[in-house]
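Inspection log for the structure reproduced underneath, given as structure tokens.
Protein chains in written order, with our numbering: chain A, 223 to 551; chain B, 223 to 551.
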């Protein structure tokens with residue numbers, strides 16, 4: 223069925239007034255590829271922009287099987303019990319978005335999804351990482367305008383989604399499982415370097431002592447890296463999402479991080495850098511799209527890419543040829 | 223004084239014929255910002271493209287004070303003694319290119335620079351990292367066409383030059399110094415993750431035992447990372463560029479790496495990916511330059527960036543505004 227496109231002013235009122243349907247609707251419009259939907263979403267985002275930025279933005283990533291959903295549910299419910307309002311978003315360029323997957327997300331975090339102060343939203347469907355991340359960022363801003371003061375952005379699936387998420391949050395939390403190097407190799411290169419906080423999950427039962435050793439391993443590895451912030455050094459904690467033990471310490475660390483980077487003004491600088499980088503990546507993506515859509519370029523690009531990949535033509539020369547064919551018209 | 227621009231055919235002949243002046247001249251033209259120079263350089267690169275790709279491309283990076291120059295000199299002379307021809311290039315976006323700095327580079331590697339089978343070229347001067355890296359890549363291709371079968375690309379200065387160099391070489395070597403975590407924090411985030419080979423230098427005299435411990439630390443940290451190649455797991459070695467002990471092991475590792483990634487065909491794939499990424503980054507940079515050069519855009523961009531950085535306007539909305547002002551004309 224086709225639903226009439228709501229009036230932007232109405233959506234803004236609804237979001238300000240705490241109408242969750244209005245929030246969900248605005249996010250759906252922001253995720254849409256339809257121009258008329260985008261126009262409404264842009265107007266809503268534009269109006270609400272000054273009311274965004276109030277949340278602690280926490281990115282959470284970890285290899286499969288580490289218990290990410292259980293951890294987010296345990297952390298989210300703890301944070302709500304502390305009096306906060308929590309939105310959980312996801313970035314998954316591989317997701318086939320369906321009603322089922324939304325249901326999947328809800329059931330996956332059953333207790334959290336039943337909380338009045340929680341809002342769980344799956345990834346804005348499959349697509350290029352840039353686009354998926356962008357729409358998740360817009361959902362984050364809408365959630366902030368709505369009044370959620372903690373936004374958790376979860377990475378799902380493979381690829382570079384961790385970097386995209388780290389670029390949109392304040393604190394990047396890497397969740398790992400106890401175990402020796404072999405299991406730990408499930409962590410993608412570069413991810414550990416993004417982490418402001420490393421949490422060893424499953425620190426319970428038989429794995430409790432292994433979790434302690436794993437925590438020490440990561441503490442040593444993290445120590446080899448230059449800190450990302452002047453006012454915060456990456457910490458390594460252990461917890462059990464299952465029993466809930468140590469989850470309060472994780473939130474306490476997120477809290478201390480927030481205080482540290484706000485008082486040092488590093489957070490404002492980081493967010494300004496993130497937003498400016500986001501602006502230019504959008505412009506760059508759009509310019510490349512226009513370039514690829516040019517008929518002359520489209521006709522040449524396949525052969526040129528093949529020549530470059532095979533080393534028959536230097537990338538610089540190939541780039542100039544394509545640019546000339548584009549710029550000349 | 224102004225020198226007439228050489229004929230591209232002559233330069234190609236000269237490079238094929240082993241005329242080092244022709245090589246140096248071609249690199250200078252490739253580094254030039256003058257259109258007429260670029261045209262000649264492009265023709266030379268285009269003609270020689272099929273004759274490139276024959277070298278082992280080794281990137282070398284490390285924090286200040288690690289003894290990079292001494293190490294490259296020790297490795298380079300060892301490799302020449304093994305019967306190879308070695309070109310040493312550098313990427314340094316902060317370099318103030320002068321005759322002095324060339325002299326500086328030569329004196330910095332005095333013994334190596336006196337070898338007939340060595341070619342040392344400093345960074346193509348200051349500028350944006352993308353441009354500097356691009357010109358170094360072209361110098362690398364020209365050196366390959368000339369017949370150098372080992373090209374060492376050194377990172378100098380700060381910034382993300384390590385990533386740019388890792389994107390143009392086969393093997394990325396991270397040189398570190400013995401010492402505890404505190405000293406090791408000089409290593410930029412992300413760099414360790416790029417390393418296919420970590421070498422602890424200064425494993426001599428009083429530092430010998432510390433170097434052994436440092437090597438073990440890095441071996442443990444590297445073990446936490448998923449390997450970059452299927453056919454090669456990052457190794458950690460120790461050596462002394464001063465006494466030369468262990469330098470042969472480093473070359474042996476580079477050799478084994480080369481055999482492994484060639485026989486697994488991973489090298490061809492990696493180089494094809496690098497070249498294609500290089501093509502699109504050049505196109506993207508050029509499109510952004512054209513965009514910024516547009517008078518309407520230039521008039522708006524300052525205020526728009528400020529609004530975005532301050533959070534008053536959403537990056538998506540701001541991007542669309544700038545793009546409309548550009549695309550509309």
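Every residue, glycine too, gets a C-beta built ideally from N, C-alpha and C. For clarity, every value in this text was computed on a predicted model and none was experimentally measured.
Burial state of residue i (16 or more Cβ within 10 Å)
| i | result |
| --- | --- |
| residue 338 of chain A | exposed |
| residue 481 of chain A | exposed |
| residue 315 of chain A | buried |
| residue 496 of chain A | buried |
| residue 436 of chain A | buried |
| residue 376 of chain B | buried |
| residue 303 of chain B | exposed |
| residue 358 of chain B | buried |
| residue 283 of chain A | buried |
| residue 538 of chain B | buried |
| residue 527 of chain A | buried |
| residue 533 of chain A | buried |
| residue 525 of chain A | exposed |
| residue 286 of chain A | exposed |
| residue 235 of chain A | exposed |
| residue 239 of chain A | exposed |
| residue 256 of chain A | exposed |
| residue 439 of chain A | buried |
| residue 520 of chain A | exposed |
| residue 276 of chain B | exposed |
| residue 230 of chain B | buried |
Assigned secondary structure, residue i (DSSP; H/G/I helix, E/B strand, else coil)
| i | result |
| --- | --- |
| residue 391 of chain B | coil |
| residue 541 of chain B | helix |
| residue 370 of chain B | coil |
| residue 535 of chain B | coil |
| residue 519 of chain A | helix |
| residue 525 of chain A | helix |
| residue 340 of chain B | strand |
| residue 398 of chain B | strand |
| residue 345 of chain B | coil |
| residue 332 of chain B | helix |
| residue 466 of chain A | coil |
| residue 359 of chain B | helix |
| residue 304 of chain A | coil |
| residue 255 of chain A | coil |
| residue 241 of chain A | coil |
| residue 289 of chain A | coil |
| residue 321 of chain A | In this predicted model, residue 321 of chain A has a pLDDT of only 39, less than 50, meaning its place in the structure is not dependable; the value taken from the coordinates is given anyway. Correct three-state label for residue 321 of chain A: helix. |
| residue 232 of chain A | helix |
Within chain A, the residues that residue i reaches when beta carbons sit closer than 8 Å
| i | result |
| --- | --- |
| residue 313 of chain B | The contacting residues do not exist; residue 313 of chain B stays about 16 Å from chain A at best. |
| residue 534 of chain B | 271, 272 |
| residue 275 of chain B | 533 |
| residue 356 of chain B | 538 |
Cross-chain neighbours of residue i in chain A, by beta carbon under 7 Å
| i | result |
| --- | --- |
| residue 454 of chain B | By Cβ distance, chain A contributes nothing, its closest Cβ being about 13 Å from residue 454 of chain B, past 7 Å. |
| residue 500 of chain B | 537 |
| residue 267 of chain B | 536, 538, 539 |
Beta-ladder partner(s) of residue i, from DSSP
| i | result |
| --- | --- |
| residue 227 of chain A | Paired residues: none, contrary to the question. |
| residue 376 of chain A | A:282, A:312 |
| residue 277 of chain A | Residue 277 of chain A is not bridged to any residue. |
Interface residues of chain A facing residue i [CB-CB closer than 9 Å]
| i | result |
| --- | --- |
| residue 346 of chain B | The premise fails here: residue 346 of chain B is roughly 13 Å from chain A at the closest Cβ pair, so nothing lies under 9 Å. |
| residue 457 of chain B | None at all; the shortest Cβ gap to chain A is about 15 Å. |
Interface partners of residue i on chain B, CB under 9 Å
| i | result |
| --- | --- |
| residue 376 of chain A | Neighbours of residue 376 of chain A on chain B: none; closest Cβ ~20 Å, over 9 Å. |
| residue 331 of chain A | By Cβ distance, chain B contributes nothing, its closest Cβ being about 27 Å from residue 331 of chain A, past 9 Å. |
| residue 530 of chain A | 494, 497, 498, 500, 501 |
| residue 264 of chain A | 536, 538, 539, 542 |
Neighbouring residues, chain B, relative to residue i (Cβ below 8 Å)
| i | result |
| --- | --- |
| residue 362 of chain A | Simply none; closest approach about 11 Å. |
| residue 505 of chain A | 510, 513, 541, 544, 545 |
| residue 527 of chain A | 498, 501 |
| residue 435 of chain A | Correct list: empty, because the minimum Cβ distance to chain B is about 12 Å. |
Contact test: residue i Cβ vs the ligand FAD heavy atom, cutoff 8 Å
| i | result |
| --- | --- |
| residue 332 of chain B | You won't find the ligand FAD in this model; it holds no ligand whatsoever. |
So within the segment 478-515 of chain A, which uninterrupted alpha helix (DSSP H) runs reach at least 4 residues, ignoring any that extend past its ends? The segment 478-515 of chain A contains, as complete alpha helix (DSSP H) runs of 4+ residues, the segments 488-515 (chain order).
In chain order, which alpha helix (DSSP H) runs of at least 4 residues are fully inside the segment 405-460 of chain A? 413-416, 430-445
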